[in-house]
Amino acid sequence: ECVRYDGKNKPNRIVLEELAPAMERVGICPEVECGFTTPREPMNLEGDLSAPRLITVRSRRDFTLKMRSFAVRKAEELAQENLSGFILKARSPSCGAAVRLGDSGAVTEGLFYAELRRRLPELPIIDEESLADPEKRLAFLKKAASGTGK
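Going by the numbering used here, the letters in the sequence shown line up with residues 136 to 285, in that order.
In structure tokens:
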């Protein structure tokens, strides 16, 4: 889907060719579902490591509250589904498990990822970059297939 900030997509071969035939996909984009347009101004996480703010790059608009509110609602909705696992977009300020915090060099969690992990701590979660590592991919798939993440 063309939901990236630049209006483009970034398909992942492993997800589309290897995993898709064996699973039912439920695609979401936190930014789009939260109401951000596509394309949109890029956003970064900034500020305090334990409470990062979602700030647009040029206009400096703060969308932290909007994204956190969405993340809580969506994570609760997803908790009602029968999910086996979740694949997120690496380095995204909403979905990334390890996102650079501004120019500090520090790393924090994306806002949606953090809420999803908080609400569904046993759910297997991986990003598309980690899927490229055969050992991480196998561990994720085993946990997802075992149902231990539900």
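Using N, Cα and C, we set each Cβ at its ideal position, and we do this for glycine too.
For clarity, every value in this text was computed on a predicted model and none was experimentally measured.
Item to complete: For residue 214, name the three-state secondary structure that DSSP assigns.
Response: helix
Worksheet item: CB residue 252 to CB residue 260, shorter than 8 Å?
Response: yes
Item to complete: Excluding the 5 residues preceding and the 5 following residue 148 in the sequence, name in chain order all residues of the same chain whose CB lies nearer than 8 Å to its CB.
Response: none
Worksheet item: Going by DSSP, what residues sit across from residue 180 in a beta bridge?
Response: 189, 236
Fill in: Classification of residue 172 by the beta-carbon crowding that lies within 10 angstroms, buried from 16 upward
exposed
Fill in: Collapsed DSSP secondary structure at residue 242 in the structure displayed
strand
Practice prompt. Use the C-beta contact count for residue 196: other C-beta atoms within 10 angstroms, 16 or more gives buried, fewer gives exposed.
Written response: exposed
Item to complete: Decide if residue 137 is buried, meaning its Cβ has at least 16 other Cβ atoms within 10 Å, or exposed.
Response: exposed
Practice prompt. Starting from residue 223, trace the alpha helix (DSSP H) both ways and give me its first and last residue.
Written response: Counting along the chain, residue 223 falls outside any alpha helix (DSSP H), though it belongs to the beta strand (DSSP E) covering 221-223.
Worksheet item: In chain order, what residues of the same chain have a beta carbon less than 7 Å from the beta carbon of residue 275, not counting five sequence neighbours either side?
Response: 220, 259, 261
Discussion item. Rounded to the nearest angstrom, what separates residue 271 and residue 236 at their Cα positions?
Written reply: 25 Å
Item to complete: Could you say if the region 205-224 and the region 176-184 meet the contact criterion of at least three C-beta pairs nearer than 8 Å?
Response: no
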